Structure formats: C-alpha cells, structure tokens
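A.B. asks: Numbering (this note's numbering), first residue to last: 50 to 212. Every residue, glycine too, gets a C-beta built ideally from N, C-alpha and C. Quick caveat, the model's predicted, so the values are computed rather than measured. My questions will all concern the structure given below.
Put into structure tokens, the structure is as follows:
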C-alpha cells in the first residue's frame, strides 16, 4: 500500500504541478518559458513534499468514515477530490504566485500581492479540483495494473479478463 501511495503522490504531484504552472503562467498574460519551468519545478517539489508528508488515503478514509461516506460512491469521490484540492492547491498556488510576484516586482512592476493571489487561487482551486477528480481514478488504475498480483499480472485478479 505504501508503494501505491508513493506512486500516486508522484503522479498526482507532477501532473497537478504541470497543469497549475501552465494555467498560472497563461492566466498572467505574460507567458515565459523560463518562468513556467521555474514554477513547475518549485510546485513539483512542494507537491511531492506534501504527498510524502500527508497520507491522503488515510486522511480521506478517516474523513469519509466520520461523515458516513461509502467507498466507491460518486459522492465520496467528489468529497475526496475536494479534500485533496484543499490540501495541495493553496500551498502550491501561494508559492507560485509569490515567486511570480517577486520576479515581476524585481522588474519594476507595481502589482499588489493580495489581488494577484486571490485571483490565482480561485482559478487554481477550480482547475485543481477538476484535475484531481479526473486524474485520481485514472492514475490509481495505472498504478494498480503495475503492482505484483494486479489486474495485468498473469496470475493476478482479473487475469485473462482483458483488464
């Protein structure tokens, strides 16, 4: 289970970081490849740290059981995606906006940090939620297929069933 959690953290972290960095760079109106790459690397590092420190499965399972949500249900997936979004996205967004704000103000721009952060946070929370909602089950299937005894293993569950 730890290996699955680590692989999920890496896949989700890199994907979320890439997409949020791209959306942030494009929404700023001043896309520059070096700034995008710097944002991507920084947000990837942050998301991997969060992923390794916060056991998302345990957090989601604990909250799901406290709220009486059943595993595998659509409503549970909606809720779990929201929890992941609330944990990852604000921290990543804060770091990316702060980095871009520092770069912009170093070049003489007079941009207030607060409005820049709030606008970016709203956009990032929406994009992050959709990404997490869509990618989490896809990546889980991918990771499970690569596990020993998983659906793609010759002797695993689902062997010979075309999974």
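In the structure shown, what three-state DSSP assignment does residue 73 receive?
C.D. replies: In the chain shown, counting from the first residue as 1, residue 73 sits at position 24. Residue 73: helix per DSSP, three-state reduction.
A.B. asks: Using only CA atoms, which one of 79, 82, 96, 75 lies nearest to residue 8?
C.D. replies: The requested residue 8 does not occur in the structure, where the chain is confined to residues 50 to 212.
A.B. asks: I'd like the span of the alpha helix (DSSP H) that includes residue 164, first residue to last.
C.D. replies: In the chain shown, the residue the question calls residue 164 occupies position 115. Run containing residue 164: 162-194, per the alpha helix (DSSP H) assignment.
A.B. asks: Apart from the five residues on each side of it in sequence, which residues of its chain come closer than 7 Å, Cβ to Cβ, to residue 150?
C.D. replies: Taking the chain shown and counting its residues from 1, the one referred to as residue 150 is at position 101. Closer than 7 Å at the Cβ level, and outside the excluded window around residue 150, lie 160, 162, 165.
A.B. asks: Rounded to whole angstroms, what's the CA-CA distance from residue 191 to residue 57? Just pull it up for me.
C.D. replies: Along the chain shown, read from residue 1 onward, the residue named residue 191 stands at position 142. Along the chain shown, read from residue 1 onward, the residue named residue 57 stands at position 8. Rounded to whole angstroms, residue 191 to residue 57 spans 9 Å at the Cα level.
A.B. asks: Return the CA-CA distance between residue 94 and residue 60, expressed in angstroms with no decimal places.
C.D. replies: In the chain shown, residue 94 corresponds to position 45, counting from 1. In the chain shown, residue 60 corresponds to position 11, counting from 1. Spanning the two alpha carbons is a distance of roughly 12 Å.
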